[in-house]
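Participant: Numbering (full-length UniProt numbering), first residue to last: 1 to 165.
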Amino acid sequence: MGEHEQHTTAFPSHIVEQWAGLGIDLPALFSAGALGQRMGVRIVSAAPERVVGTLPVEGNTQPYGLLHGGASAVLAETLGSVGAMLHAGPNKIAVGVDLNCTHHRAVRTGLVTGVATPAHTGRTSATFEIVLTDEQDKRVCTARLTCALRPAAQQGQAAEPTTPV
């Protein structure tokens, strides 16, 4: 698979400023991460109540030429994790503890768009529903991600180990 173009993540300015005050470059931190970058994930917009991103089908297929289910899972977990992180705020980290994906239809070409919206947002966990659609706006996959929300590590310390909730 060839290298995918790098994109800047779009966050609302007040959220970027909140995190910048803590010395965190939020768009750089959540530019889809190493795996997402390799797969061409692009986060188009992000706020605690809605995260939108895309994934190219090309380069992310299984042997039959269809979008790989694991690629759908990567897009879903990326978008849900960004939403959970934005909900939790800069003093916590969001760590995925449960992801399920139901694949509805095959896709062979184009771009898949994902939209993550909160189903539950609490102090210690957040659950997001992520709907992936093809370029004809037909549902490709429905996913649900639950993230544990843990205290962020202090400078120089490792993050707390995560146990499923």
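We put the CB at the ideal spot given by N, CA and C, even for glycine.
1. Below 8 Å, can you find three or more Cβ-Cβ pairs linking the stretch 90-109 to the stretch 137-157?
2. If I measure Cβ to Cβ from residue 16 and keep anything under 8 Å in the same chain, skipping five residues before and after, which residues do I get?
3. Taking all protein chains shown into account, do 16 or more other C-beta atoms lie within 10 angstroms of the C-beta of residue 13, making it buried, or fewer, making it exposed?
4. Output the distance between the C-alpha atoms of residue 114 and residue 126, rounded to the nearest integer angstrom.
5. Is the separation between the beta-carbon of residue 36 and that of residue 78 shorter than 8 Å?
6. At the level of alpha carbons, what is the spacing between residue 55 and residue 123?
7. Of all the options 76, 53, 147 and 129, which has the alpha carbon lying nearest to the alpha carbon of residue 96?
Facilitator: According to the data block:
1. Under the 8 Å Cβ criterion, the stretch 90-109 counts as touching the stretch 137-157, having at least three qualifying pairs.
2. 26 and 27
3. exposed
4. 18 Å
5. yes
6. 30 Å
7. 147
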